[in-house]
Amino acid sequence: MQRWVKLPNGTFLDANRIIHVGKIESFAKLDEEGNNAGLEYSVTLMSELLRERQIQVSGSKEAISALVRSILGASATASPPAT
């Protein structure tokens, strides 16, 4: 069964095909004139072990965190702590 997640650029990706979610990284975003426009965040997603199947997704902090949460599933964040 396919489970589609929406990427920040508006396209969709089957979350069941993702085998690796990389570390979320931040970098300085520049505007057209070269001025600092704040922080941009990115994450690398892999659907196969081939380098050609890696996707680098960038967006705002909220968009990237929502993407990673939707890929990992709500049950992973809502599970009760172990005692």
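All letters in the sequence shown, in the order written, are residues 1 to 83 by my numbering.
C-beta: ideal position from N, C-alpha, C; glycine also.
None of these values were measured; they are calculated from a predicted model.
Taking only three categories from DSSP, how would you classify residue i?
| i | result |
| --- | --- |
| I19 | coil |
| I24 | coil |
| L84 | Lying before the first or after the last residue shown, residue 84 is absent from the chain, which here runs from 1 to 83. |
Can the beta-carbon of residue i be found less than 8 Å from the beta-carbon of residue j?
| i | j | result |
| --- | --- | --- |
| L49 | V57 | no |
From residue i to residue j, what distance separates their C-alpha atoms?
| i | j | result |
| --- | --- | --- |
| V21 | D14 | 13 Å |
| I24 | T44 | 8 Å |
| S26 | R53 | 22 Å |
| S70 | G34 | 33 Å |
Cutting at 6 Å between CB atoms, please list the residues of its own chain near residue i, excluding the five before and the five after it.
| i | result |
| --- | --- |
| R17 | S47 |
| G38 | K29 |
| F12 | W4, K6 |
Going by beta carbon distance, what residues of the same chain come within less than 8 Å of residue i, once the five residues before and after it are set aside?
| i | result |
| --- | --- |
| Q155 | Since the first residue shown for the chain is 1 and the last is 83, residue 155 is missing from the structure and cannot be characterised. |
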